[in-house]
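**Q** Residue numbers (our numbering), protein chains in the order written: chain A, 942 to 1050; chain B, 942 to 1050.
The beta-carbon is built from N, C-alpha and C at its ideal position, and this holds for glycine as well.
A single structure is presented below for examination.
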DNA sequence: CTACGATATATCAAAACACGATATAGTTCA
DNA sequence: TGAACTATATCGTGTTTTGATATATCGTAG
């Protein structure tokens, strides 16, 4: 069924720029205001699966040495990953439109 | 983490009107154009969990006898269920807004 | 210079969840 | 009557999440 929430948020975070795991975790937590927390278990398991599926890949590019941290592993979204993310965004857009039309006791804050 | 996709779609379908299981299944499939398919396994397991959590309840109200089908079991969303759905819609709205602003290679069709 | 909190990755067991098959049976309509 | 559709239910398997634990580096306040 569609994309698991963790996969969606990882692709979403990587669509903006290459990131390392911890950065994905923090970005997602901030974006969702704490509603979606990717713990290490969920995060690294999902990164492995996404790489297996070819939706992300590990990047060799490193930031300037003075900004780098040797522990980090950077990930990049692939073309297939962008396509999967696009499909998911389209699906969510349809759902939100339907919610708006039906006025399901909800208004954007 | 937030709501599992199946839980979200069940609450979403019930927010419009009381429905029986099969109707939730069909409505969800139509809304998502086949992207989200709730098979019997996922559906009835999720209905049980949602009832345990007090987000839905079984309804005793039946449609007019000539429109009814004795096999059906109707479900209704509770106040807590509406609150959970509202929170989820708000979260998705924030995510979609962010996607729009960042222009993540996607345009509504 | 050292102790502490934040950063960063990794793995494990248990629980929650999804998927596909199978089962049963009533309904609709040709 | 028989085929397709409606409707609910359960089971085993596989996938995904959760929470705990582990290890180690980095930045910085004391």
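Could you spell out the range, first to last residue, of the beta strand (DSSP E) harbouring residue 947 (chain B)?
**A** In the second chain, counting from the first residue as 1, residue 947 (chain B) sits at position 6. It is not in any beta strand (DSSP E) - residue 947 (chain B) instead sits in the alpha helix (DSSP H) that spans 946-957.
**Q** In its own chain, which residues sit with a C-beta less than 7 Å from the C-beta of residue 966 (chain B), not counting the 5 before and 5 after it?
**A** Locating residue 966 (chain B) in the second chain gives position 25, where the first residue counts as 1. 979, 984.
**Q** Could you check how far apart the C-beta atoms of residue 947 (chain A) and residue 987 (chain A) are, in whole angstroms? I think they sit under 8 Å.
**A** Looking up residue 947 (chain A) in the first chain gives position 6. Looking up residue 987 (chain A) in the first chain gives position 46. That belief holds up - the Cβ atoms of residue 947 (chain A) and residue 987 (chain A) are roughly 5 Å apart, short of 8 Å.
**Q** Residue 1034 (chain B) touches chain A at which residues, Cβ-Cβ below 8 Å?
**A** Counting from 1 along the second chain, the entry for residue 1034 (chain B) is found at position 93. Per Cβ cutoff of 8 Å: 1037, 1049.
**Q** For residue 996 (chain A), which residues of its own chain have a beta-carbon under 8 Å away from its beta-carbon, when the five flanking residues on both sides are left out?
**A** By 1-based counting over the first chain, the position of residue 996 (chain A) is 55. For residue 996 (chain A), where only same-chain residues beyond five positions count, the Cβ hits under 8 Å are 948, 952, 1018, 1019, 1021, 1022, 1025.
**Q** Quick one: using the 10 Å Cβ neighbour count with 16 as the cut-off for buried, is residue 1008 (chain A) buried or exposed?
**A** In the first chain, the residue the question calls residue 1008 (chain A) occupies position 67. Exposed is the call here.
**Q** Given residue 962 (chain A), which residues of its chain have a CB within under 7 Å of its CB, disregarding the five upstream and five downstream residues?
**A** Residue 962 (chain A) sits at position 21 when you count from the first residue of the first chain. These residues qualify, in order along the chain: 984, 985, 988, 1014.
**Q** In the DSSP assignment, find the beta strand (DSSP E) that holds residue 1017 (chain A) and state where it starts and stops.
**A** Walking along the first chain from the start, residue 1017 (chain A) turns up at place 76. Where residue 1017 (chain A) is concerned, the enclosing beta strand (DSSP E) stretches over 1015-1018.
**Q** How big is the Cα-Cα spacing for residue 982 (chain A) and residue 970 (chain B)?
**A** As a working mapping, residue 982 (chain A) is identified with position 41 in the first chain. As a working mapping, residue 970 (chain B) is identified with position 29 in the second chain. Residue 982 (chain A) and residue 970 (chain B): Cα-Cα distance of roughly 31 Å.
**Q** Are the C-beta of residue 1030 (chain B) and some C-beta of chain A separated by less than 8 Å?
**A** For this step, residue 1030 (chain B) is matched to residue 89 along the second chain. Chain A, which has a Cβ nearer than 8 Å to the Cβ of residue 1030 (chain B), makes this yes.
**Q** From the DSSP output, in three-state form, read off residue 1035 (chain A) for me.
**A** The count along the first chain starts at 1 and reaches residue 1035 (chain A) at position 94. Of the three classes helix, strand and coil, the one that applies to residue 1035 (chain A) here is helix, per DSSP.
**Q** Go ahead and label residue 960 (chain A) buried or exposed: buried means 16 or more other beta carbons lie within 10 angstroms of its beta carbon, across all protein chains shown.
**A** Position 19 of the first chain holds residue 960 (chain A). The residue is buried, with at least 16 neighbouring Cβ atoms inside 10 Å.
**Q** Which whole-angstrom value is the C-beta distance of residue 999 (chain A) and residue 1016 (chain A), which I expect to be below 8 Å?
**A** Position 58 of the first chain, counted from the first residue, corresponds to residue 999 (chain A). Position 75 of the first chain, counted from the first residue, corresponds to residue 1016 (chain A). Going by Cβ atoms, the distance from residue 999 (chain A) to residue 1016 (chain A) rounds to 6 Å, so yes, they are a contact pair.
**Q** Taking Cβ positions, are residue 972 (chain B) and residue 1029 (chain B) nearer each other than 8 Å?
**A** Indexing the second chain from 1 puts residue 972 (chain B) at position 31. Indexing the second chain from 1 puts residue 1029 (chain B) at position 88. Taking 8 Å as the Cβ cut-off, residue 972 (chain B) and residue 1029 (chain B) do not qualify as a contacting pair.
**Q** The stretch 967-981 of chain B: which residues have C-beta closer than 9 Å to a C-beta of chain A, in chain order?
**A** From the stretch 967-981 of chain B, only 972, 973, 974, 976, 977, 978, 979 have a Cβ closer than 9 Å to chain A.
**Q** In the DSSP assignment, the beta strand (DSSP E) including residue 1000 (chain B) goes from what residue to what residue?
**A** Looking up residue 1000 (chain B) in the second chain gives position 59. First-last of the beta strand (DSSP E) with residue 1000 (chain B): 997-1000.
**Q** For the putative contact between residue 976 (chain B) and residue 1032 (chain A), defined by C-beta atoms under 8 Å, what is the C-beta separation to the nearest angstrom?
**A** Translated into positions along the second chain, residue 976 (chain B) becomes position 35. Translated into positions along the first chain, residue 1032 (chain A) becomes position 91. The pair is a contact, with the Cβ atoms about 5 Å apart (cut-off 8 Å).
**Q** With a Cβ-Cβ cutoff of 8 Å, do residue 1038 (chain A) and residue 1043 (chain B) count as a contact?
**A** What you label residue 1038 (chain A) is simply residue 97 of the first chain in a count that begins at 1. What you label residue 1043 (chain B) is simply residue 102 of the second chain in a count that begins at 1. Taking 8 Å as the Cβ cut-off, residue 1038 (chain A) and residue 1043 (chain B) do not qualify as a contacting pair.
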